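*Asks:* I'd like to ask some things about the structure below.
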Amino acid sequence: MNVLSDSIYKCVLNTIAVSSLLLLLLLKTGAASAGDPSLSLSPVIGPPGTPVVLTGTGFPANRTGTAWFDTDMDGQEAGEPSVSVSSDGSGRLSAAGALNVPGTLPGYYPVRVRLSVDGSYYVTYSLFKVRQPNITIGLGSGPPGTPVIISGTDFAANASGWIWFDKNKDYGRDAGEPAMWATTGSNGDFRGALIIPNVEPGSYPILADIPNDGNNDGWTSFSVVSQFILSQNSGPPGAVIAVTGKGLGEGIVWFDTDNDGIVEADEPSTTANEAYGRITASLAVPNVSQGTYPVKLSINNNVQCTVNFTVKGQSLSLSARKGRPGDNIVVTGTLFPQNTTGRIWFDSDGNSIKDPSEIYEDVTTTNSGDFTTNIYIPSVTPGAYAIMAEIPGGAAFKPAAAVSVMPAPSLSLNLNSGPAGTFVVVNGRDFAADTAGSIWFDIERNGEKDLNEPSITMESNEYGAFRTVLTVPDVSPGAYGIYAAVPDWGEPEAWGDFYVDNVDHALPGQLEISSVTPYDGAEYVNRFPNISLIFNTTIVKGPDYNSIVLSDEDGNTVKVNAAMTGQTVNIRPAGLLKAAKTYMLLVPALAVLDTAGSGMAEDYIITFTTKYTQVSE
């Protein structure tokens, strides 16, 4: 039999004691971990009205309490949706029923559980995301009587309630307002239809209360417009025209020959009948001179609608409606007296009288009452003028045709100075339309395009405008001209001055954005944001400055206004952005340049999401 020494015996006892303590600690840690409360929600996201089932584990055993939807997030239950909860002997939590999500703004809200424990309370929570229901309509505008298809998504599933047209715009459903009872499917969607009532033109809410609990869960707007239509917009005296309208009331329709807004005895008029906002009437075109006259509708002595009607008769047509001094215009006349002599003239002073100083051409009409002749544009200031006809001489009715005298062609440069290699954006306007030409940097300073000078071939658009980019050549510092010739073989028509300085070239891609507001990925951004880009140096407009684009998540482009100052570009949308939409801003690499002509290394893109819009109750 082996006998342990005292020292060995004590060592064994110590080992057993330490091991026991470690085992107890491990068991205690595991028990605590297993008992941590866990509150589960099903589902964890949904619109108002969604029933939420609560379960949990690890709670204090055999306790009772309350669960509630903490809409004001103050940790207190005060008139908020609630349900009784209890835990069993194993700490499993269950609720007496589902907790219905109340009507509230989209966002995250705590669902809290409070259990009574030894004279105190045990409280925990889990987050639920309230999703915004959405309404879309097949038509966004129309006259009274228009049927509108209404679709809803993200509403409470398998719920019923009202959709209605809010005639008095009080965001409540009132008697006499078009309404429909709708029931959502398992996905929270519905589809219905309403007929637009006979209301005044304007924007009106279409609302949905689903489930039917008195809360407006979704809304959109419909623009009611009036229509005032002529069966034809031109014709000779004596022609009968039909007048129809929608969204209007009973009144008087008349041919306002003197355009004074007053129904006079010699002006054709009739009473327009009203039925559900519709009117019908007919008028005979009076015996008046050729020209454009208003047909008007007056309701209660107030002019409500106006549509122009053109009375046809003697007329002039021009080969060109615009030109510059010296340009030749072919003038054709029709429906004049046959085989009659008269004249046409350029009415330089706008008094409709042939003055001795005004250029003119004698004409004689054919057997059909037609003629063709030429007249040139005299040296007058830019503006609108008339070419007039008097056939025969002294005739009271003098038909006219308008011609616009265009200003001289001009160039504008986005930069007027810079080093060799700088990109210069050249914009031209008031040149010959749809014509090929060239732009060049006049190194020789002789006003002519020489072979050694950099040039760009371009073509003006239908308005005589163009836009191109020219690179400053490697020349000595000093003042130079950038010239344009349109057509290419013609004389230079316009030029701009450019000063070449001795600034060193920057490395390509050196320009960077130092900061941006709002930041990339920002949420709850104001719907009329000022997007500010701050660069690392002074900047100028680049060739792609007008290609800065703001678009929404559906790919729709938003019109923006961009302004540049120093190192900053500020961008604002032209109107309010849509609520709860993600937008993307694209700034091309060459949208802006530093003073040495260097852009960014790559396109710059940020995204942000706009705020939700609360529905007024």
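For the sequence shown, the positions run 64 to 680 when my numbering is used.
Note that beta-carbon positions come from the ideal geometry of N, C-alpha and C, so glycine has one too.
Bear in mind the structure is a predicted one, so any value in this text is a computation, not a measurement.
(1) Thinking just about the alpha-carbon of each residue, which of S380, I315, L398 is nearest to the one in N364?
(2) When DSSP labels each residue in this structure, what does N609 get in the three-state scheme?
(3) Would you decide whether D233 is buried or exposed? Buried here means 16 or more other CB atoms lie within 10 Å of its CB.
(4) Going by alpha carbons, who is nearest to F671 out of F591, N609, Q630?
(5) Any idea if I258 is buried or exposed, counting beta-carbon neighbours within 10 angstroms, 16 or more meaning buried?
(6) Using a 10 Å radius around the Cβ and a threshold of 16 neighbouring Cβ atoms, would you call M469 buried or exposed?
(7) So, under 8 Å CB-CB, M451 and A463 are touching, yes? Tell me the CB distance rounded to an integer number of Å.
(8) To which residues does DSSP link G239 through a beta bridge?
(9) Under 7 Å from any heavy atom of the ligand MN, does the C-beta of N490 make it?
(10) Restricting to Cα atoms, I'd like to know which of G310, S345, V186 is closest to Q295.
(11) P111 by DSSP, collapsed to three states: which one?
(12) Three or more C-beta pairs closer than 8 Å, one from the stretch 520-539 and one from the stretch 481-493: is that the case here?
(13) Could you spell out the range, first to last residue, of the beta strand (DSSP E) harbouring S420?
(14) Could you tell me if R175 is buried or exposed, where buried requires 16 or more neighbouring beta carbons within 10 angstroms of its beta carbon?
(15) Please determine if the stretch 628-645 and the stretch 610-618 are in contact, where contact requires at least 3 C-beta pairs separated by less than 8 Å.
(16) Suppose you measure from the CA of N231 to the CA of I269; what does that come to, to the nearest Å?
(17) Hey, how far is the Cα of D151 from the Cα of W244?
(18) Sort out for me which residues DSSP pairs V538 with in a bridge.
(19) Give the range of the beta strand (DSSP E) segment to which G308 is assigned.
(20) Quick one: is M521 buried, meaning 16 or more other Cβ sit within 10 Å of its Cβ, or exposed?
(21) Quick one: is F486 near chain D, going by C-beta distance under 8 Å?
(22) What three-state label does DSSP hand S63 in the structure shown?
(23) Among the residues of its own chain, which have a CB less than 6 Å from the CB of E665, if the five just before and after it don't count?
(24) On the DSSP bridge list, what partners appear for K232?
(25) Does the separation of the CB atoms of S153 and A130 fall below 8 Å?
(26) With three or more beta-carbon pairs closer than 8 Å as the criterion, would you say the stretch 249-256 touches the stretch 209-218?
(27) Which one of I502, K674, S380 has the shortest CA to CA distance from A547?
(28) Take T427 as the anchor and find which of G405, V186, S297, P111 has the nearest alpha-carbon.
(29) Are K375 and S297 touching if we call contact CB-CB under 8 Å?
(30) Go ahead and label K622 buried or exposed: buried means 16 or more other beta carbons lie within 10 angstroms of its beta carbon, across all protein chains shown.
(31) Taking only runs that begin and end inside the stretch 561-602, name each unbroken beta strand (DSSP E) of 3 or more residues, in chain order.
(32) How is I325 classed by DSSP in three states: helix, strand or coil?
(33) Enumerate in chain order the residues of its own chain whose CB-to-CB distance from T580 is below 6 Å, with the five nearest sequence positions on each side excluded.
(34) Determine the DSSP secondary structure at M627, reduced to helix, strand or coil.
(35) For the stretch 185-195 and the stretch 158-174, state whether three or more C-beta atom pairs, one from each stretch, are separated by less than 8 Å.
(36) In the DSSP assignment, find the beta strand (DSSP E) that holds G182 and state where it starts and stops.
*Replies:* Working from what's here:
(1) I315
(2) Under the three-state reduction of DSSP, N609 is assigned to helix.
(3) So D233 counts as exposed.
(4) F591
(5) exposed
(6) buried
(7) 5 Å
(8) Partner(s): none; G239 has no beta bridge.
(9) Ligands are entirely absent from the displayed structure, and the ligand MN is therefore not among its contents.
(10) S345
(11) coil
(12) Contact holds: three or more Cβ-Cβ distances are below 8 Å.
(13) Looking at the DSSP string, S420 is not in any beta strand (DSSP E), and its letter there is neither H nor E.
(14) By the beta-carbon neighbour count (other beta carbons within 10 angstroms, threshold 16), R175 is buried.
(15) A contact exists between the stretch 628-645 and the stretch 610-618.
(16) 11 Å
(17) 43 Å
(18) DSSP output for V538 lists no bridge partner at all.
(19) 303-309
(20) Flag for M521 reads buried.
(21) Of the chains in the structure shown, none is chain D; there is only one protein chain.
(22) The question about residue 63 has no answer here: the residues shown for the chain are numbered 64 through 680.
(23) A652
(24) Its beta-bridge partners do not exist; DSSP assigns none.
(25) Their beta carbons are not under 8 Å apart, which means S153 does not touch A130 by this criterion.
(26) Yes, the stretch 249-256 touches the stretch 209-218.
(27) I502
(28) G405
(29) Cβ atoms of K375 and S297: closer than 8 Å.
(30) Answer is exposed; the Cβ neighbour count stays below 16.
(31) 576-580, 585-588, 594-598
(32) coil
(33) S595
(34) strand
(35) yes
(36) Taken as a continuous stretch (DSSP letters only), G182 belongs to no beta strand (DSSP E), as it is neither H nor E.
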